[in-house]
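*Asks:* Note that the working numbering has the sequence shown beginning at 8, numbered continuously upward. Every residue gets a Cβ at the ideal spot worked out from N, C-alpha and C, and that includes glycine.
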Amino acid sequence: MAISPVTEEAASPALESPRTPWEIPLAACLSALFFAAFLVVPLFGAIGFPFAAVPPVRVTHRRGLAAGLAATILGAGILFGVALASAGWREAAGVVGAAVLVTGLPVLFAGRVRRGADSSRAFLTLALGGCLLLSGILVALPIAGRPPVESELRSAFDAMIPAALESYRHGNADAETVERVRTTLIAARDFAGRYWAGLIGGCWILGSAVAYYAGARFARPAASAGTVRFEAFEVPAGVAGLFVAAGAAFAFLDGLPRTVAGDVLLALAALYFVAGLSIICHFARRWFRTRILRLVLYVPAAYFPMSLGVALLGLFDWYLHLRRRGEKEGTR
């Protein structure tokens with residue numbers, strides 16, 4: 008595991024950003040706003056949801072773990088008031104619990120980096136540990152009297168499929184196209200219902216990467232933020248063995264073991280996508296000085312089939328060591 012480089016400037020306490028009294032309340036308000044957007048406008052909220060933890064993570068790097076946790080708790084309190092005004096105590100408590108989990112975990116691991124922990128290891132623990140914690144909580148929902156995640160997902164698809172097909176009919180689509188869409192949506196419903204844990208885990212990994220690295224980027228020149236470099240993120244070689252084992256289990260087993268293996272594959276695929284994107288970021292920063300050129304390179308990487316290639320790039324980096332090869336060639 009490569010340790011993220013720390014520049015002499017970033018490590019200097021004298022370069023800590025000036026502290027202002029409004030940082031914590033502003034971070035709390037922004038965090039609550041991003042999270043509330045998911046409740047008000049689900050489509051926009053799903054896109055902006057990962058940014059809910061960015062302001063508290065930024066405050067953590069600038070002012071310390073206590074300040075980041077204070078922003079998290081204050082933001083949860085604001086969100087509780089908003090949710091309570093439109094729903095009951097039970098629903099509001101569930102919203103606040105989700106907000107504390109989503110924003111609190113990145114803050115805790117940003118605090119670890121501030122105390123000197125390796126940034127790549129901290130993110131890896133945040134990503135995989137968060138997957139396990141989130142999956143465990145969702146599996147336990149029926150114990151708390153809530154419907155299982157699988158049934159809620161299937162119900163959402165069942166409610167959406169007729170409306171989607173009707174829109175195609177109103178658009179004068181032929182019967183073959185409508186049937187093809189119906190078959191695709193049913194397959195997506197069955198896939199999401201079976202591998203929901205892996206899909207949610209993958210979303211957590213991608214979202215936590217945004218919170219962890221964007222929060223540190225916006226906190227610079229704080230000393231701890233200078234150690235968090237997305238382009239330096241690496242996945243340990245041992246995780247590739249877990250990926251291969253999960254792939255073998257998915258191919259040769261059936262029933263619950265196959266489902267668990269599929270969940271693991273989906274989560275690790277998201278992790279390797281983040282790793283592959285960090286490799287692209289490493290070389291893009293060396294080759295392109297203009298941010299708009301780098302953005303043009305990053306955007307297509309998020310779309311299939313480019314995203315698959317990015318994930319494979321991250322998977323095989325444990326053997327190829329592309330960044331180290333590039334540095335050696337650059338010194339010739």
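Which runs of the alpha helix (DSSP H) fall wholly inside the region 211-267 and span at least 4 residues, in chain order?
*Replies:* Taking only runs of at least 4 residues, the alpha helix (DSSP H) segments lying wholly in the region 211-267 are 222-226 and 244-259.
*Asks:* Between the Cα of Y310 and the Cα atoms of V66, F280, W325 and L329, which residue gives the shortest distance?
*Replies:* Residue F280 is the option with its Cα nearest to Y310.
*Asks:* Where does G178 fall in DSSP's three states?
*Replies:* Correct three-state label for G178: coil.
*Asks:* With DSSP as the reference, label A100 as helix, strand or coil.
*Replies:* DSSP places A100 in helix when its eight states are reduced to three.
*Asks:* Starting from A318 and walking both ways along the alpha helix (DSSP H), at which residues does that stretch end?
*Replies:* M313 to L327 is the span of the alpha helix (DSSP H), which, as asked, contains A318.
*Asks:* Along the alpha helix (DSSP H) that carries A73, what are the first and last residues, could you check?
*Replies:* Element bounds for A73: L72 to S93.
*Asks:* Assess, as a yes-or-no matter, whether the region 195-209 is touched by the region 112-130 under the definition of 3 or more beta carbon pairs within less than 8 Å.
*Replies:* No: fewer than three Cβ pairs fall under 8 Å.
*Asks:* Check D125 in the structure and name its three-state DSSP category.
*Replies:* Of the three classes helix, strand and coil, the one that applies to D125 here is coil, per DSSP.
*Asks:* For Y310, name the three-state secondary structure that DSSP assigns.
*Replies:* Coil at Y310, not helix or strand.
*Asks:* Work out the CA separation of V188 and P28 for me, nearest whole Å.
*Replies:* So the alpha carbons of these two residues sit roughly 54 Å apart.
*Asks:* Just verifying my parser: in three-state terms, what is the DSSP assignment at A43?
*Replies:* In the structure shown, A43 sits in a helix (DSSP, three-state: H, G or I).
*Asks:* DSSP state of E15, grouped into three classes?
*Replies:* Because E15 sits at a pLDDT of 33, beneath the cut-off of 50, its placement in the model cannot be relied upon, and the following sentence gives the value as read from the coordinates. E15 falls in the coil class under three-state DSSP.
*Asks:* In angstroms with no decimal places, state the Cα-to-Cα distance between L140 and V120.
*Replies:* Their backbone Cα atoms lie some 21 Å apart in a straight line.
*Asks:* Go ahead and pull the three-state DSSP assignment for A147.
*Replies:* Coil.
*Asks:* For T79 versus V103, is the C-beta spacing smaller than 7 Å?
*Replies:* Contact: no.
*Asks:* Considering only the alpha carbon of each residue, which of A44, A195, F56 and R201 lies closest to L213?
*Replies:* The shortest C-alpha separation from L213 is found at F56.
*Asks:* For F198 versus Y220, is the C-beta spacing smaller than 7 Å?
*Replies:* Not closer than 7 Å, so no.
*Asks:* According to DSSP, is R330 helix, strand or coil?
*Replies:* R330 falls in the helix class under three-state DSSP.
*Asks:* Assign Y279 to one of three DSSP states: helix, strand, or coil.
*Replies:* Helix, per DSSP.
*Asks:* Just the Cα atoms here: how many angstroms apart are E159 and R293?
*Replies:* Using only the alpha carbons, I get a separation of about 46 Å.
*Asks:* Between L322 and the rest of its own chain, which residues show a CB-CB distance below 6 Å, the 5 nearest in sequence each way excluded?
*Replies:* Excluding sequence neighbours, L322 sits near Y279.
*Asks:* Identify which residue in A216, A195, R97 and Y326 has its Cα closest to the Cα of V235.
*Replies:* Per the Cα distances, A216.
*Asks:* In three-state DSSP terms, what is W29?
*Replies:* Coil.
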